[in-house]
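Residue 182 in this note's numbering is what sits at position 36 of the sequence shown, and the numbering runs on without skipping anything. Here the structure comes first, spelled out in structure tokens, and everything after it is commentary.
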Amino acid sequence: MVLGYLIILNNYLHDVATAMVISLTLLMTYIGRQVDAGSPPEQKEFFLRIYRYFSRLALFSLVWILAGGIPRALAFNSYELLPAAQKGIVPVLIFKHIILFGLVFAGILLWRRINHKVKRITVN
Ligand code: HEM
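This is the structure in structure tokens:
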């Protein structure tokens, strides 16, 4: 019973952490576009503070997704397989994960670009 609640909570947090990574990446990309090496110092300082905070949160969420994915996968057969099989959506779930991995990979590339920008701004 308690284990069931924990699994449902864990599965929900797996989804929330995914949304966190995607939202933080989009926000950081948008904010990063507003700043460059020639921007006023206060603006650069503000960008760097947001960058540090957002990147810590995004990394924490990513670790959470991966760690929480393990109990989710282990409990999948007893908690999620039956309803998914009844609806005939098991292949869609697999396909959805491939898309999600692609999104996370695209997110990592975006964070690398933001990282380069941070280095340019810090040097100047
Ligand atoms: C960055 C990588 C990952 C992302 C973005 C991600 C995201 C998601 C999302 C959004 C769902 C919910 C799908 C739905 O309810 O319709 C989900 C489901 C699930 N995830 Fe992940 N996940 C990732 C990695 C993992 C890993 C590494 C594991 C296992 C070790 C895992 C195991 C599962 C399982 C078993 C489900 C339920 C079946 C399904 O809906 O596909 N996930 N994942």
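Beta carbons: idealized from backbone N, C-alpha and C, even for Gly.
When burial is assigned at 16 or more other CB atoms within 10 Å of the CB, is A183 buried or exposed?
-> By one-based count along the sequence shown, residue 183 stands at place 37. By the C-beta density criterion, A183 is exposed, having fewer than 16 other C-beta atoms within 10 angstroms.
T164: buried (16+ other C-beta within 10 angstroms of its C-beta) or exposed?
-> Looking up residue 164 in the sequence shown gives position 18. Burial of T164 is indicated by the presence of at least 16 other C-beta atoms within 10 angstroms of its C-beta.
What distance in whole Å lies between the Cβ atoms of F200 and L170, which are believed to be in contact at a cut-off of 8 Å?
-> Working through the sequence shown from its first residue, we reach residue 170 at position 24. Working through the sequence shown from its first residue, we reach residue 200 at position 54. A Cβ-Cβ separation of about 5 Å places L170 in contact with F200 under the 8 Å criterion.
Enumerate in chain order the residues of its own chain whose CB-to-CB distance from V181 is below 7 Å, with the five nearest sequence positions on each side excluded.
-> One-based indexing of the sequence shown puts residue 181 at position 35. Exclusion of the five residues before and after V181 leaves Q189, K190, F193 and I267 as the residues of its chain whose Cβ lies within less than 7 Å of its Cβ.
How many Å lie between I153 and Q232 at the Cα?
-> Looking up residue 153 in the sequence shown gives position 7. Looking up residue 232 in the sequence shown gives position 86. When the Cα atoms are used, I153 and Q232 turn out to be separated by approximately 21 Å.
Is L249 near G214, with beta carbons less than 9 Å apart?
-> Along the sequence shown, read from residue 1 onward, the residue named residue 249 stands at position 103. Along the sequence shown, read from residue 1 onward, the residue named residue 214 stands at position 68. Inclusion of L249 and G214 in the CB contact set at 9 Å is not warranted, their separation being larger than that value.
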